[in-house]
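Novice:
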Amino acid sequence: MKLSKQIVDPLLHWYQENARKLPWRIDATPYHVWVSEIMLQQTRVEAVIGYYYRFMESLPTIQDLAMVDEEKLLKLWEGLGYYSRVRNLQKTAQLLCRDGDGNLPETYDELINLPGIGPYTAGAISSIAYRQKVAAVDGNVLRVVSRLTMDSSCIDEESVKRKWKEAIEQIMPEESGMFNQALMEIGAMVCIPNGNPLCHLCPLSHLCKAHRENRMLEYPVRKQKPKREIISMTVFLMLYYDRVAILKRKDEGLLAKFYEFPNIDRKLSKCQAEAYLNDNNIKWIGIEEGPSAKHIFTHKEWHMVSYIVWLREPVDSYLFCTGKQLEEVYPIPSAFEKYRKHVENLWKKEAYLHFSQRNL
Ligand code: SF4
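Residue 36 in my numbering is what sits at position 30 of the sequence shown, and the numbering runs on without skipping anything.
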């Protein structure tokens with residue numbers, strides 16, 4: 007794999023003219039670069055900006071991140087998904103404060119040994135915040151370089167990523183952070199992933215093999231993804247006056263330690279749902295069908311149906327929380343976002359009062 011040095015100047019020039027003004031670029035401290043890069047994994051820039059501001063306002067330093075209560079931390083990340091990211095952020099912050107001076111190390115080799123920091127993030131922190139000449143190779147960068155060179159190696163292979171990292175470092179200029187960001191930015195804004203790249207706006211089009219042969223969509227080459235496991239579920243939105251039932255998930259596994267609405271791993275008809283409530287000694291006044299929802303994880307899909315259950319009395323094994331607590335205290339993962347909104351709407355309409363007047 008070989009890249010031409012000729013791409014460096016047009017790329018840097020383009021970046022200086024076209025880079026988006028993003029909050030973490032304005033004051034690119036190691037902490038800011040680290041948190042933003044972790045948030046941006048699997049997540050769109052527009053979705054991250056609000057989270058980034060809230061996170062930095064609540065936890066402005068690595069020491070604050072190390073010490074924050076886990077539930078508050080999960081609440082700050084609520085809705086961003088891929089929650090092991092935020093757990094690793096805190097684990098690393100705690101290690102840095104326990105074993106060192108509470109700062110991130112400068113070198114790639116030290117960074118990559120920290121929890122949750124892989125080759126890409128280590129490259130981004132060391133080049134952007136510490137100006138080291140290290141490449142940061144993410145999916146955007148791999149797409150650009152594969153198209154530039156019409157390279158058919160599968161970019162999902164670790165060995166291919168490593169080779170591209172070395173090839174980029176061969177042509178890396180002094181402005182390493184800017185160069186890495188320029189490659190990523192061109193991948194995000196011009197050499198885009200779905201649909202045709204915007205080659206007419208690309209400063210590298212005169213050097214790009216795939217563009218010359220009009221074969222841009224054949225690159226990069228990727229592995230077929232394995233099919234996701236489908237899990238059918240029934241979610242119960244159990245309402246008792248202005249409170250809704252939630253419970254804490256297990257300490258390990260998917261969405262560990264988050265809160266959720268009571269649910270079971272199969273789809274129930276309305277009759278079956280009523281029988282399930284009776285079998286579990288749940289005293290209800292009424293039940294009606296709620297919305298269906300689908301949530302996609304990396305390896306699984308949850309296909310959910312729901313029932314709104316109006317309770318005669320609370321259930322001991324659940325926590326009954328108010329809307330304010332749901333909003334401010336208990337972290338609910340984005341998989342249940344539709345249900346959280348539905349409950350909030352029911353509260354707004356004071357649906358429980360209307361229901362109880364009709365049925366009690
Ligand atoms: S010319 Fe087109 S395909 Fe080539 S790098 Fe630029 S946007 Fe991508």
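Virtual Cβ for every residue (Gly too), placed ideally from N, Cα, C.
#1: Starting from the Cα of L352, find the closest Cα among E181, G193, P297 and give me that residue.
#2: Note down, in chain order, each residue of its chain lying with its Cβ closer than 6 Å to the Cβ of H217, except the 5 sequence neighbours on either side.
#3: With DSSP collapsed to three states, give me the class of G129.
#4: Should H19 be counted as a contact of ligand 1 given a C-beta to heavy atom distance under 7 Å?
#5: What did DSSP end up calling A262 once you bin it into helix, strand or coil?
#6: Reducing DSSP to helix, strand and coil, say where H384 ends up.
#7: Using the Cα positions of E356 and E116, report the straight-line distance between them to the nearest angstrom.
#8: For R153, which three-state DSSP category applies?
#9: Where do the N-terminal and C-terminal ends of the beta strand (DSSP E) with K276 fall, by residue?
#10: Taking its Cβ as the centre, do 16 or more other Cβ atoms sit within 10 Å of I335, making it buried, or is it exposed?
#11: For R255, which residues from the same chain have a beta carbon less than 8 Å from its beta carbon, with the 5 sequence-adjacent residues on both sides left out?
#12: Among L17, A99, E333, D285, whose alpha-carbon lies nearest the alpha-carbon of L154?
#13: With DSSP as the reference, label T240 as helix, strand or coil.
#14: Within 10 angstroms of its Cβ, does N269 collect 16 or more other Cβ (buried), or is it exposed?
#15: Taking 7 Å as the limit between beta carbons, can you name the residues of its chain near Y114, skipping five residues before and five after?
#16: Is DSSP giving E175 helix, strand or coil here?
#17: Can you name the start and end residues of the alpha helix (DSSP H) that H38 belongs to?
#18: Measure from the alpha carbon of E163 to the alpha carbon of each residue in N220, Q230, R221, P199, then state which is nearest.
#19: For the structure I just gave you, are there three or more beta carbon pairs, one from the segment 192-208 and one from the segment 143-157, closer than 8 Å?
#20: Which word fits E84, buried or exposed, when buried means at least 16 other C-beta atoms lie within 10 angstroms of its C-beta?
#21: Do the CB positions of L95 and L102 come within less than 8 Å of each other?
#22: Could you tell me the distance, in whole angstroms, from the CA atom of Q331 to the CA atom of S90?
#23: Relative to the C-alpha of C197, which candidate in P226, F185, C327, V315 has its C-alpha closest?
#24: Which runs of the alpha helix (DSSP H) at least 4 residues long sit entirely within the segment 18-101? Give them in chain order.
#25: Answer with buried or exposed for G124, where buried requires no fewer than 16 other C-beta atoms within 10 angstroms of its C-beta.
#26: Should L210 be counted as a contact of ligand 1 given a C-beta to heavy atom distance under 7 Å?
#27: Measuring CB to CB, does V250 end up less than 8 Å from V349?
#28: Relative to the C-alpha of E294, which residue among L274, G329, N287 is closest?
#29: Within the present structure, is the beta-carbon of V196 separated from the nearest heavy atom of ligand 1 by less than 7 Å?
#30: Using the rule of at least 16 other Cβ atoms within 10 Å of the residue's Cβ for burial, across every protein chain shown, is N220 buried or exposed?
#31: With DSSP as the reference, identify every bridge partner of Y313, one or two as the case may be.
#32: Ligand 1 and C103: does the residue's C-beta get closer than 7 Å to at least one heavy atom of that ligand?
#33: Can you tell me which of G106, F342, I134, R93 puts its alpha carbon nearest to the alpha carbon of P121?
#34: Hey, how far is the Cα of I13 from the Cα of E180?
#35: I'd like the span of the beta strand (DSSP E) that includes I252, first residue to last.
#36: Which residues mark the beginning and the end of the beta strand (DSSP E) in which L325 is found?
Specialist: Concretely, from the data shown:
#1: The sequence position of residue 352 within the sequence shown is 346, counting from 1. L352 has its Cα closest to that of P297, out of E181, G193, P297.
#2: The residue you call residue 217 lines up with position 211 of the sequence shown. Excluding positions up to five away in sequence, the list reads C205, S211.
#3: Taking the first residue of the sequence shown as 1, we reach residue 129 at position 123. G129 falls in the helix class under three-state DSSP.
#4: If you number the sequence shown from 1, residue 19 lands on position 13. False, no ligand heavy atom lies under 7 Å from that Cβ.
#5: Mapped onto the sequence shown, residue 262 falls at position 256. DSSP places A262 in coil when its eight states are reduced to three.
#6: In the structure displayed, the chain extends from 7 to 366; residue 384 sits before or after that span and is not available.
#7: Position 350 of the sequence shown, counted from the first residue, corresponds to residue 356. Position 110 of the sequence shown, counted from the first residue, corresponds to residue 116. For E356 and E116, the distance between alpha carbons rounds to 56 Å.
#8: Along the sequence shown, read from residue 1 onward, the residue named residue 153 stands at position 147. Helix at R153.
#9: Your numbering for residue 276 matches position 270 in the sequence shown. No beta strand (DSSP E) holds K276; the alpha helix (DSSP H) holding it covers 276-285.
#10: Within the sequence shown, residue 335 is the residue found at index 329, counting from 1. In the sequence under discussion, the amino acid at residue 335 is Val, which differs from the Ile named in the question. Classification for V335: exposed.
#11: Residue mapping note: residue 255 aligns to position 249 of the sequence shown, counting from 1. L261, A262, K263, F264, Y265, E266, listed in sequence order.
#12: The residue given as residue 154 occupies position 148 in the sequence shown. Cα-wise, what sits closest to L154 is L17.
#13: On the sequence shown, position 234 is the one that residue 240 refers to. Of the three classes helix, strand and coil, the one that applies to T240 here is strand, per DSSP.
#14: The count along the sequence shown starts at 1 and reaches residue 269 at position 263. With 16 or more other Cβ atoms within 10 Å, it is buried.
#15: Within the sequence shown, the letter at position 108 stands for residue 114. Only A128, G129, S132, Q138, V140 meet the Cβ criterion.
#16: On the sequence shown, residue 175 is found 169 positions in, with the first residue counted as 1. Reduced to three states, the DSSP call for E175 is helix.
#17: Within the sequence shown, the letter at position 32 stands for residue 38. First-last of the alpha helix (DSSP H) with H38: 36-46.
#18: Counting from one through the sequence shown, the residue named residue 163 turns up at place 157. The candidate whose alpha carbon is nearest that of E163 is Q230.
#19: yes
#20: Position 78 of the sequence shown, counting from 1, holds the residue named residue 84. Flag for E84 reads buried.
#21: Mapped onto the sequence shown, residue 95 falls at position 89. Mapped onto the sequence shown, residue 102 falls at position 96. For L95 and L102, no; Cβs fall outside 8 Å.
#22: Counted from its first residue, the sequence shown places residue 331 at position 325. Counted from its first residue, the sequence shown places residue 90 at position 84. Their backbone Cα atoms lie some 24 Å apart in a straight line.
#23: Within the sequence shown, the letter at position 191 stands for residue 197. Of P226, F185, C327, V315, the residue nearest in Cα terms is P226.
#24: 29-32, 36-46, 51-64, 68-73, 76-83
#25: Taking the sequence shown and counting its residues from 1, one reaches residue 124 at position 118. By the neighbour-count rule (16 or more Cβ atoms within 10 Å), G124 is not buried but exposed.
#26: Working through the sequence shown from its first residue, we reach residue 210 at position 204. Indeed, a heavy atom of ligand 1 lies less than 7 Å from the Cβ.
#27: The residue labelled residue 250 in the question sits at position 244 within the sequence shown. The residue labelled residue 349 in the question sits at position 343 within the sequence shown. Yes; because the gap between Cβ atoms is below 8 Å, this pair is in contact.
#28: On the sequence shown, residue 294 is found 288 positions in, with the first residue counted as 1. Closest by alpha carbon: L274.
#29: By 1-based counting over the sequence shown, the position of residue 196 is 190. V196 Cβ: within cutoff of ligand 1.
#30: Here residue 220 is taken as the residue at index 214 of the sequence shown, counted from 1. Under this definition N220 is an exposed residue.
#31: Position 307 of the sequence shown, counted from the first residue, corresponds to residue 313. BP columns for Y313 point to F242, E295.
#32: Working through the sequence shown from its first residue, we reach residue 103 at position 97. For ligand 1, not one heavy atom lies less than 7 Å from the Cβ of C103.
#33: To locate residue 121, count along the sequence shown from 1; it is residue 115. Selected option, being the one with the closest Cα: R93.
#34: As a working note, residue 13 is residue 7 in the sequence shown. As a working note, residue 180 is residue 174 in the sequence shown. So the two alpha carbons sit approximately 14 Å from each other.
#35: Residue numbering aside, residue 252 sits at position 246 when the sequence shown is read from its first letter. Element bounds for I252: 249-254.
#36: Looking up residue 325 in the sequence shown gives position 319. Here the beta strand (DSSP E) through L325 covers 325-327.
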